[in-house]
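Accompanying notes for the structure given below.
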Amino acid sequence: DSGVTQTPKHLITATGQRVTLRCSPRSGDLSVYWYQQSLDQGLQFLIQYYNGEERAKGNILERFSAQQFPDLHSELNLSSLELGDSALYFCASSTTSGSPDTQYFGPGTRLTVL
Amino acid sequence: AQSVTQLDSQVPVFEEAPVELRCNYSSSVSVYLFWYVQYPNQGLQLLLKYLSGSTLVKGINGFEAEFNKSQTSFHLRKPSVHISDTAEYFCAVRGSGSGTYKYIFGTGTRLKVLA
Numbered sequence: 044d045s046g047v048t049q050t051p052k053h054l055i056t057a058t059g060q061r062v063t064l065r066c067s068p069r070s071g072d073l074s075v076y077w078y079q080q081s082l083d084q085g086l087q088f089l090i091q092y093y094n095g096e097e098r099a100k101g102n103i104l105e106r107f108s109a110q111q112f113p114d115l116h117s118e119l120n121l122s123s124l125e126l127g128d129s130a131l132y133f134c135a136s137s138t139t140s141g142s143p144d145t146q147y148f149g150p151g152t153r154l155t156v157l
Numbered sequence: 002a003q004s005v006t007q008l009d010s011q012v013p014v015f016e017e018a019p020v021e022l023r024c025n026y027s028s029s030v031s032v033y034l035f036w037y038v039q040y041p042n043q044g045l046q047l048l049l050k051y052l053s054g055s056t057l058v059k060g061i062n063g064f065e066a067e068f069n070k071s072q073t074s075f076h077l078r079k080p081s082v083h084i085s086d087t088a089e090y091f092c093a094v095r096g097s098g099s100g101t102y103k104y105i106f107g108t109g110t111r112l113k114v115l116a
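Now the structure itself:
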């Protein structure tokens with residue numbers, strides 16, 4: 044158990060809908076990272092937050108957005124969902140932002156778009 | 002910008018045999034390098050990382066990797082594998098300069114250990 048929790052574990056929804064994925068980092072970790080893992084694109088870095096501020100942006104679509112709240116949990120919002128958004132979404136956390144601390148990954152949320 | 006190439010998508014190996022999983026990277030700046038393991042139905046777990054200093058890095062579960070700057074490689078090795086090492090292994094890179102926080106992952110290598 045990494046100490047990172049993600050909810051829900053599974054999510055099934057329809058095209059055009061909007062969903063919210065939630066992540067609680069390990070106690071004391073200030074950084075949260077979001078990743079998308081799909082069969083065709085592999086593991087893609089989406090976005091990183093550090094202590095409530097956006098720190099780095101990867102291949103995140105405009106239909107997707109994220110935020111980190113004062114209690115340090117983070118949410119990833121996916122809207123206007125398409126079939127191709129079906130994937131495993133991982134959250135990871137680390138202590139700091141600049142130095143390459145170990146990232147601890149959650150168990151993931153499996154999103155299925157029908 | 003950085004990129005990572007894992008040349009082997011699958012590597013079958015017999016139990017107690019040695020294994021090497023290959024990783025090559027491309028970057029115009031100095032980098033940090035990582036190997037992660039993903040067991041079935043689980044998140045990723047850090048095996049080891051190269052930040053600076055000695056080019057031979059030892060990690061958990063008996064794995065080690067060698068950073069070769071001239072060949073831009075960071076291959077992962079284990080002298081004797083176990084059935085429990087069956088998993089997917091990801092190589093990742095991140096720029097080491099200030100303001101570079103984006104992690105780039107390879108496409109993964111599926112290690113299958115055979116009895």
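Taken in order, these protein sequences are the chains called A and B.
With this note's numbering as the guide, the letters of the first sequence map in order to residues 44 to 157.
With this note's numbering as the guide, the letters of the second sequence map in order to residues 2 to 116.
We treat Cβ as the ideally placed atom computed from N, Cα and C, and that holds for glycine.
For clarity, every value in this text was computed on a predicted model and none was experimentally measured.
For the C-beta of Gln-46 of chain B, the chain A residues within less than 9 Å are, from N- to C-terminus, Ser-45, Tyr-147, Phe-148.
Between Gln-91 of chain A and chain B, the shortest Cβ-Cβ separation is below 8 Å. One finds Tyr-102 in chain B with Cβ atoms closer than 7 Å to the Cβ of Arg-98 of chain A, taken in chain order.
When secondary structure is reduced to three states using DSSP, Ile-55 of chain A falls in the strand class. Excluding its 5 nearest sequence neighbours in each direction, Asp-128 of chain A has C-beta neighbours in its own chain below 7 Å: Leu-121, Leu-154, Val-156, listed in chain order. Taken through DSSP and simplified to helix, strand or coil, Leu-34 of chain B comes out as strand.
Burial is judged here by how many other beta carbons sit within 10 angstroms of a residue's own beta carbon; Val-58 of chain B has at least 16 and is buried. For the region 112-133 of chain A, the beta-carbon criterion of a distance under 8 Å to any beta-carbon of chain B is satisfied by Phe-133. Assignment of beta strand (DSSP E) within the region 64-145 of chain A, counting only whole runs of 3 or more residues, yields 74-81, 85-93, 96-100, 107-111, 117-121, 130-137 in chain order. With contacts defined as CB atoms closer than 8 Å, Val-30 of chain B and Gly-107 of chain B fail to qualify as a contacting pair. In this structure Ile-55 of chain A is exposed. Its beta-carbon is surrounded by fewer than 16 other beta-carbon atoms within 10 angstroms. Secondary structure at Gly-96 of chain B: strand, using DSSP grouped into helix, strand and coil.
In the three-state DSSP reduction, Ser-85 of chain B falls in the helix class (H, G or I).
Counting C-beta atoms within 10 angstroms of its own C-beta, Gly-98 of chain B has fewer than 16 neighbours from the protein chains shown and is therefore classed as exposed.
Contact between Thr-152 of chain A and Lys-52 of chain A holds: CB atoms are separated by about 6 Å, below the 8 Å threshold. Neighbours of Pro-143 of chain A across chain B, judged by C-beta separation under 7 Å: Tyr-33, Lys-50, Leu-52, Arg-95.
If only uninterrupted alpha helix (DSSP H) runs of at least 4 residues are considered, none is enclosed by the region 47-86 of chain B. Leu-124 of chain A is positioned such that its CB atom lies closer than 8 Å to that of Val-62 of chain A.
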